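*Asks:*
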Amino acid sequence: MGAKSLINASVFENASILAGRVDIRQRLQLAIAKARLHKHPLALLFIDLDRFNAISSTLGPEVGQQLVDTLHERLLHSLNGDHALVHVGSDEFAVLADNISNTSQLRQLGNRLLNVIRKPVYIKDQQLVATASMGISVYPSKAENDQVLLHQALTAMSSAKQIGGDSVRFFTRGQSNASQLRRLNIEIELRHAIARKDLTVHYQPKMDLASGQVTALEALVRWEHDDLGMVPPAEFIPIAENAGLISSIGEMVLETACRHGTKWIEDGVPDAKIAVNLSAKQLVRNDMLVVIRRILKRTGFPPEQLVVELTESLLFDTLDKTSET
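Per the working numbering, residue 11 is the first one in the sequence shown, and the count goes up by one each step.
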C-alpha cells in the first residue's frame, strides 16, 4: 500500500469529533469539582464498542470510522443537558451524568444508550449492527476522586466485556479482586507481547480546527491479545508505567513511527509530520535525547518532522505535585 493510501486509511476524523476528544481525567476533575460544590453525585458510564477492531479490519478503517462518527452523533442527540459525552478513544466513549446516583435510573440510562448503539447503521450499502460494553461507577458513594472513578468504571466495563459484551455492569467491591488478578495477568502478558513484538502502532490525525488542515499524524500504541481481545490503552499503559515497561513500549512506538514516516516520505509525502507521546518516566531518563537521536539516525526520519508530546500522566503528575506543595 502506498504512502497516501496508508495515510488515507488512518483514522481521519472530522473537526467536531476531534474537538470532543478531550482528556477524560480533566473533564472528570472539573465535573467532580462542580458536583462537590453543589453537593450532587456524579456517575461515570464508560462505553467500549464490542468487536470494533474486527469490523475495522474486515471492512476497512474508513468504514469503522464512519460507524464511530454515526454512533457519536446518535449518543449526543440522546443525552439531555445534565449529561456530557466525551469521546475518549477510537471506539470508547464516556458519559458524565450529573445529579444521578439511583441504580435503577442509571441502569435505565445505560440500557437506553446501548439501545441507541444497537440500531443498525448503513454504510456503503452495508448494514452494520454494533454493540457495546458499559461500566458504571458513582462519585462519591463508590469513588472519592477522578482517578478511582475512572478505574472503577473501566473495571466494570471489563467485567461486562468478559461476560460477552452488550451489557451494563456496575462497579462492585467484589470486582476489585478480579481487577487485581486481571492487572497481574495483563502485566505478565504485556511482557510477552513486548518480547514478541505483538504491539502495533496506529495513527490518528491531529487537525487545526480553524483551518481544518491535518497538522500531523499521532502515533498510538494498540494491543490485541488472543485471549484478552483488544486491551484498551487506558488500561495497559498505567500498568506498563508501574511495571517499568513504558520505556520499552515508548521506544518501540517511536522507532515504528519514524520508520513509517520515512517510508511515506520516500513514497511521495514530503510533509509527513508524526507526533509521538512520551511519558514522565521516559522524559526523566538521562539518555532520552540520546535514544531519540539514535532512532532518528537509524530510521532516517527528519528531526524537524518529529513532534514529541507530553502524555497526560506527566501533566497530571505535575499538577498533583504542585497541589501538594
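Ideal placement from N, C-alpha and C gives every residue a C-beta, glycine not left out.
Keep in mind that this is a model prediction, so the values were computed, not measured.
Can you tell me whether residue 105 is helix, strand or coil according to DSSP?
*Replies:* It is a strand residue.
*Asks:* Going along the chain, which residues of its own chain have a beta-carbon closer than 8 Å to the beta-carbon of residue 140, five neighbours each way excluded?
*Replies:* 59, 60, 62, 65, 77, 81, 127, 128, 131.
*Asks:* Using only alpha-carbon positions, find the residue among 292, 53, 202 that is nearest to residue 166.
*Replies:* The residue with the shortest Cα to Cα distance from residue 166 is 53.
*Asks:* On the criterion of 16 or more Cβ atoms from any shown chain inside 10 Å, does residue 265 qualify as buried, or is it exposed?
*Replies:* Buried, since its Cβ has 16 or more Cβ neighbours within 10 Å.
*Asks:* Could you check which residue in 182, 228, 143 has the C-alpha nearest to that of residue 176?
*Replies:* When only C-alpha atoms are compared, the closest one is 143.
*Asks:* Kindly give me the distance between the Cβ atoms of residue 259 and residue 231, rounded to whole angstroms, as I take these residues to be in contact under 8 Å.
*Replies:* Correct: roughly 6 Å between the Cβ atoms.
*Asks:* For residue 32, count the other beta carbons within 10 Å of its own beta carbon; 16 or more makes it buried, fewer makes it exposed. Which is it?
*Replies:* Residue placement at residue 32 cannot be trusted, given a pLDDT of 46 that sits under 50; what the coordinates show is reported in the next sentence. Classification for residue 32: exposed.
*Asks:* Would DSSP call residue 52 helix, strand or coil?
*Replies:* If DSSP states are grouped into helix, strand and coil, residue 52 belongs with the strands.
*Asks:* May I have the straight-line CA-CA distance separating residue 306 from residue 288, to the nearest angstrom?
*Replies:* Their backbone Cα atoms lie some 15 Å apart in a straight line.
*Asks:* Along the alpha helix (DSSP H) that carries residue 224, what are the first and last residues, could you check?
*Replies:* Per DSSP, residue 224 belongs to no alpha helix (DSSP H); it is in the beta strand (DSSP E), 223-235.
*Asks:* Any beta carbon of chain D sitting closer than 7 Å to that of residue 84?
*Replies:* In the displayed structure, chain D is absent; only one protein chain is listed.
*Asks:* Give the DSSP-derived three-state secondary structure of residue 80 in the structure shown.
*Replies:* Here residue 80 sits in helix by DSSP.
*Asks:* On a CA-only basis, which of 109, 102, 86 is nearest residue 92? Give me that one, please.
*Replies:* For the residues 109, 102, 86, the minimum Cα distance to residue 92 belongs to 109.
*Asks:* For residue 240, collect the residues of the same chain with a Cβ closer than 7 Å to its Cβ; drop the 5 residues on either side in sequence, then sort them by chain order.
*Replies:* Hits under 7 Å: 63, 234.
*Asks:* In whole angstroms, what separates the C-alpha of residue 138 from that of residue 69?
*Replies:* If you take the alpha carbons of residue 138 and residue 69, they lie about 10 Å apart.
*Asks:* Taking the beta strand (DSSP E) that residue 319 falls in, what are its first and last residues?
*Replies:* Segment 316-320, the beta strand (DSSP E) holding residue 319.
*Asks:* Could you say which of 200, 276, 261, 210 lies nearest to residue 248 if we only look at CA atoms?
*Replies:* Of the candidates 200, 276, 261, 210, the one whose C-alpha sits nearest the C-alpha of residue 248 is 200.
*Asks:* Could you have a look at residue 267 and say whether DSSP puts it in helix, strand or coil?
*Replies:* If DSSP states are grouped into helix, strand and coil, residue 267 belongs with the helices.
*Asks:* Unbroken beta strand (DSSP E) runs of length 3 or more, entirely within the region 175-219: which are they?
*Replies:* Counting only runs of 3 or more, we get 177-180, 210-218.
*Asks:* Measure the alpha-carbon distance for residue 269 versus residue 276 and round it to whole angstroms.
*Replies:* Rounded to the nearest angstrom, the two C-alpha atoms are 11 Å apart.
*Asks:* Cα separation between residue 155 and residue 224?
*Replies:* So the alpha carbons of these two residues sit roughly 36 Å apart.
*Asks:* Tell me residue 287's beta-bridge partners as DSSP assigns them.
*Replies:* In DSSP, residue 287 forms a bridge with 319.
*Asks:* Select from 39, 145, 174, 84 the residue whose C-alpha is nearest the C-alpha of residue 104.
*Replies:* Minimum Cα distance to residue 104 is reached at 145.
*Asks:* If the criterion is Cβ atoms closer than 7 Å, does the pair residue 164 and residue 228 meet it?
*Replies:* The answer is no: Cβ separation not under 7 Å.
*Asks:* Confirm, please, whether the CB-CB distance from residue 148 to residue 51 is below 7 Å.
*Replies:* The answer is yes: Cβ separation under 7 Å.
*Asks:* For residue 151, which residues does DSSP report across the bridge?
*Replies:* Residue 151 is not bridged to any residue.
*Asks:* Check residue 70 in the structure and name its three-state DSSP category.
*Replies:* Coil at residue 70, not helix or strand.
*Asks:* Go ahead and label residue 300 buried or exposed: buried means 16 or more other beta carbons lie within 10 angstroms of its beta carbon, across all protein chains shown.
*Replies:* With fewer than 16 other Cβ atoms within 10 Å, it is exposed.
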